[in-house]
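Here the structure is laid out as structure tokens; the discussion comes afterwards.
Residue numbers (the numbering used here): 552 to 659.
As structure tokens, then:
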């Protein structure tokens with residue numbers, strides 16, 4: 552005879568996993584804001600810039616942003632904007648993200 556499934560336990564596990572993924576995504580977004588130097592902006596300025604990016608984006612503009620972001624993550628920071636390269640002693644963006652992701656499970 553088969554053991555009955557505990558749907559409540561499965562739902563709790565899925566909810567816990569979704570919550571952990573949301574927390575990790577928020578943490579990574581915060582790290583991205585700091586890595587790009589955007590943490591020097593006020594919350595209102597950052598929100599305004601993001602809202603403008605979301606509402607006024609043509610395909611060509613989005614492609615230019617994608618290329619600029621790819622260059623940032625590959626370590627070519629000359630095009631990342633003011634303040635992005637003044638973080639002395641910081642790791643490359645991809646390395647920091649990998650380290651923080653590896654440290655995430657034990658951090659909660």
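Glycine included, every Cβ here is placed at the ideal spot set by N, Cα and C.
Everything numeric in this text was worked out from a predicted model, so none of it was measured.
Pairwise C-alpha distance: residue j and residue i
i, j, result
"residue 598", "residue 575", "20 Å"
"residue 558", "residue 565", "10 Å"
"residue 571", "residue 584", "20 Å"
"residue 587", "residue 617", "14 Å"
"residue 594", "residue 601", "11 Å"
"residue 573", "residue 563", "15 Å"
"residue 582", "residue 627", "18 Å"
"residue 634", "residue 578", "Caution is warranted here: a pLDDT of 47 is assigned to residue 634, below 50, making its placement in the model unreliable, and the coordinate value is therefore given only provisionally. Going from the Cα of residue 634 to the Cα of residue 578 covers about 21 Å."
"residue 609", "residue 552", "59 Å"
"residue 554", "residue 568", "24 Å"
Contact with chain D by residue i, beta-carbon distance below 7 Å
i, result
"residue 553", "In the structure shown, chain D cannot be found, because there is only a single protein chain."
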